[in-house]
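Report on the following structure.
As structure tokens, then:
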């Protein structure tokens with residue numbers, strides 16, 4: 001059964017961010033690309049039968065932050081894509097992303113400016129040329 005639209009989320013957005021409404025850095029546009037550095041593990045030390053692997057959420061990373069890093073390990077994602085995957089408002093995601101960039105788990109890259117993007121006419125000519133060869 002699908003939940004009704006007017007049902008509230010179990011965890012409120014201000015709880016997810018620890019009550020903060022603004023990121024520590026202002027570098028996140030909706031199309032800013034976010035990439036996991038891979039330098040820091042998401043889990044503590046090695047696992048043994050007596051002491052199973054503990055997620056870093058017990059060491060300061062919330063489940064939402066762990067999920068963001070896992071999403072970004074698959075390749076670069078935009079801020080708005082991460083927001084969609086998590087089902088959280090973009091403002092909340094920006095706060096979480098700034099924490100993860102500050103901690104070294106993520107890095108960002110600005111999307112290419114419109115002036116550097118290929119022209120539609122050129123792309124159409126390439127597409128037409130490929131179709132002609134097939």
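In UniProt numbering, the protein residues as written are 1 to 134. Yeah, the Cβ is synthetic: ideal placement off N, Cα and C, and Gly gets one too. These numbers come from a predicted model, not from an experiment.
Checklist entry - Should residue 132 go down as buried or exposed, given a rule of 16 or more other Cβ atoms within 10 Å for buried? => result A residue is called buried once 16 or more other Cβ atoms fall within 10 Å of its Cβ, and residue 132, having fewer, is exposed.
Checklist entry - Between residue 79 and the rest of its own chain, which residues show a CB-CB distance below 8 Å, the 5 nearest in sequence each way excluded? => result Same-chain partners within the cutoff: 28, 29, 30, 31, 32, 34, 90, 93, 94 and 97.
Checklist entry - Looking at the unbroken beta strand (DSSP E) that takes in residue 109, where does it start and where does it end? => result Run containing residue 109: 106-109, per the beta strand (DSSP E) assignment.
Item to check | C-alpha gap between residue 128 and residue 117, whole angstroms | outcome: Straight-line spacing of the CA atoms in residue 128 and residue 117 works out to 19 Å.
Checklist entry - Between which two residues does the alpha helix (DSSP H) harbouring residue 66 extend? => result That run of the alpha helix (DSSP H) goes 63-73.
Checklist entry - By DSSP, does residue 88 sit in helix, in strand, or in coil? => result Coil at residue 88, not helix or strand.
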